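What follows is a single structure, written as structure tokens, with notes after it.
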Ligand code: G4P
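In the numbering used here, the protein residues as written are 1359 to 1639.
Okay, here's the thing in structure tokens:
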């Protein structure tokens, strides 16, 4: 789903997240493992202030595993705990609760020292930009399928807590934040990975960006997928080559560039070119 973010929406989204922060002990900041920087809210440090947090690199199943490892070291060097997860399959999800408990143990020890015998469960909030997998992770942590959350900033409903085992509670509505739109490359990466729906950006522009990226970073996969002997530096020639090989043609046998763009983006998003990471630390 696509949200049009205007300054008013952003201010409201920020206020809503800040309201929720008052209720919780720890934040799970959900990022797309393929694009950890581009899927990050530009004001996140400001918004979260000193709240403890864990960075979750979601959709790690679709990202280049070696690069995801580099990202985890990158965040940990900055003193931020980070985990690679696949919310859809559940890989790495158990680690979240264990890590959160470990991070909060001092706080709960203090409560125990004050004589609070049955400390309440740890309370957590998931935040992230649209389509990063917030609802999927909530369902996964809840262990059953709960109602799809309203994905619109400004749509408020009563806060409810979802029990995650005995020791954690999760706010049932995630904090929805905006990505860094000002940067054109961020928009192109979000579109390439499918976080932004196609209607917003020109499909061919996105595919041109993606193909140039693949040519530079994953040339062998590109050659193999589209049976190319070499990859032309001329982007039109490259579109022509792929279109001809894959039958993206219009009447008279000329290549239909929109079809080529659609095909390439669909192939990327469905892992036909394998696991890809579009950003390195
Ligand atoms: P949101 O609440 O943050 O907006 O995201 P949501 O959970 O709706 O997830 C967006 C899409 O990403 C969903 O695909 C979901 O299945 C997929 N997804 C979430 N986590 C993971 C993950 O760890 N790995 C993989 N491979 N996919 C994940 P969808 O329902 O098919 O949506 P769409 O394709 O129609 O956008």
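Note that CB positions come from ideal geometry on N, CA and C, so glycine has one too.
Being a predicted model, the structure only gives us computed values, none of them experimental.
Of the residues 1400, 1422, 1533 and 1480, which one's Cα is nearest the Cα of residue 1378?
With distances taken between Cα atoms, residue 1378 lies closest to 1533.
By Cβ distance, which residues of its chain are closer than 6 Å to residue 1409, with the 5 residues on each side in sequence left out?
So the qualifying residues of the chain are 1379 and 1385.
Going by Cα to Cα distance, which pick from 1454, 1619, 1480 and 1610 is closest to residue 1519?
Checking every option, the nearest Cα to that of residue 1519 belongs to 1480.
Check whether the Cβ of residue 1447 lies closer than 8 Å to any heavy atom of the ligand G4P, and answer yes or no.
Checking every heavy atom of the ligand G4P against the Cβ of residue 1447, one is found closer than 8 Å.
Look at the alpha carbon of residue 1508 and the alpha carbon of residue 1496, and state the distance between them as a whole number of angstroms.
Any reading at residue 1508 must be qualified, since the residue scores a pLDDT of 48, below 50, and its modelled position is unreliable; no value is offered.
Taking its Cβ as the centre, do 16 or more other Cβ atoms sit within 10 Å of residue 1634, making it buried, or is it exposed?
Buried.
Any heavy atom of the ligand G4P closer than 8 Å to the beta-carbon of residue 1443?
It does: the Cβ of residue 1443 is within 8 Å (strictly closer) of some heavy atom of the ligand G4P.
Using DSSP's beta-bridge definition, name the partner residues of residue 1440.
Residue 1440 pairs with 1413.
Using only the heavy atoms of the ligand G4P, determine whether one of them is closer than 8 Å to the beta carbon of residue 1585.
No.
Compute the Euclidean distance between the alpha carbons of residue 1619 and residue 1546, then round it to the nearest angstrom.
Their backbone Cα atoms lie some 13 Å apart in a straight line.
Is DSSP giving residue 1508 helix, strand or coil here?
Low per-residue confidence applies at residue 1508: pLDDT is 48, beneath 50, and the placement is therefore not dependable enough to give any value.
Under 8 Å by Cβ, that's how I've got residue 1630 and residue 1428 pegged, so tell me the actual separation to the nearest angstrom.
That belief does not hold up - the Cβ atoms of residue 1630 and residue 1428 are roughly 24 Å apart, past 8 Å.
To which residues does DSSP link residue 1526 through a beta bridge?
DSSP, once it has assigned bridges, lists 1480 and 1522 as partnering residue 1526.
Could you give the DSSP three-state label for residue 1378: helix, strand or coil?
Three-state result, residue 1378: helix.
DSSP on residue 1628, reduced to helix/strand/coil?
It is coil, neither helix nor strand.
If residue 1388 and residue 1517 are in contact, beta carbons under 8 Å, what's the gap, nearest whole angstrom?
Actually they do not touch by this definition, with Cβ atoms about 19 Å apart.
Among residues of its own chain, excluding the 5 on either side of residue 1597, which ones have a beta-carbon nearer than 7 Å to its beta-carbon?
Correct list, in chain order: 1613, 1615 and 1618.
Am I right that residue 1487 and residue 1537 are in contact with their C-beta atoms under 8 Å? What's the rounded C-beta distance?
Confirmed, Cβ separation roughly 5 Å.
Around the C-beta of residue 1460, are 16 or more other C-beta atoms found within 10 angstroms, so that it is buried, or is it exposed?
Exposed is the call here.
Please state whether DSSP places residue 1372 in a helix, a strand or coil.
Reduced to three states, the DSSP call for residue 1372 is helix.
Taking the Cβ atom as the reference point for each residue, do residue 1636 and residue 1396 lie within a distance shorter than 9 Å?
Taking 9 Å as the Cβ cut-off, residue 1636 and residue 1396 qualify as a contacting pair.
Answer yes or no: the CB of residue 1491 versus the heavy atoms of the ligand G4P, is any distance below 8 Å?
Indeed, a heavy atom of the ligand G4P lies less than 8 Å from the Cβ.
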